[in-house]
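> Attaching a single structure in structure tokens format; questions to follow.
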Ligand SMILES: [Zn+2]
């Protein structure tokens, strides 16, 4: 059972992840690979069209904004209780 990234044995390693269609891999190798692969979860950024990339950026910014607002709203409630 070898890691598909570094090709070393994964048996006995404490942090092992299962890669779909690949088998077990060292989680550190997998993280490294995901970063260099420019992907997040199953999204491969390099496969996206530039418009889609901008759309994704907007969505992330909107989500961060919404959470910021939710956070400050929660703090507001805390102040009045
Ligand atoms: Zn490895």
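Residue numbers (my numbering): 528 to 608.
All C-beta atoms, glycine included, are put in the ideal place defined by N, C-alpha and C.
#1: Taking the beta strand (DSSP E) that residue 553 belongs to, which residues open and close that run?
#2: Could you give the distance in angstroms between the alpha-carbon of residue 547 and the alpha-carbon of residue 566?
#3: Go ahead and label residue 553 buried or exposed: buried means 16 or more other beta carbons lie within 10 angstroms of its beta carbon, across all protein chains shown.
#4: Sorted by chain position, which residues of the same chain lie with C-beta nearer than 6 Å to residue 623's C-beta, five sequence neighbours on each side aside?
#5: From residue 578 to residue 585, what does the alpha carbon distance come to, in whole angstroms?
#6: What are the boundary residues of the beta strand (DSSP E) that includes residue 545?
#7: Cα separation between residue 563 and residue 555?
The structure says:
#1: Looking at the DSSP string, the run of the beta strand (DSSP E) that includes residue 553 is 550–553.
#2: Note on geometry: alpha-carbon atoms of residue 547 and residue 566 lie some 15 Å from one another.
#3: When all chains shown are included, residue 553 counts as buried.
#4: This structure leaves residue 623 out entirely; the chain is present only between 528 and 608.
#5: Straight across, the Cα-Cα distance linking residue 578 with residue 585 is about 11 Å.
#6: Residue 545 -> beta strand (DSSP E) spans 543–546.
#7: Cα to Cα, the separation comes out at about 12 Å.
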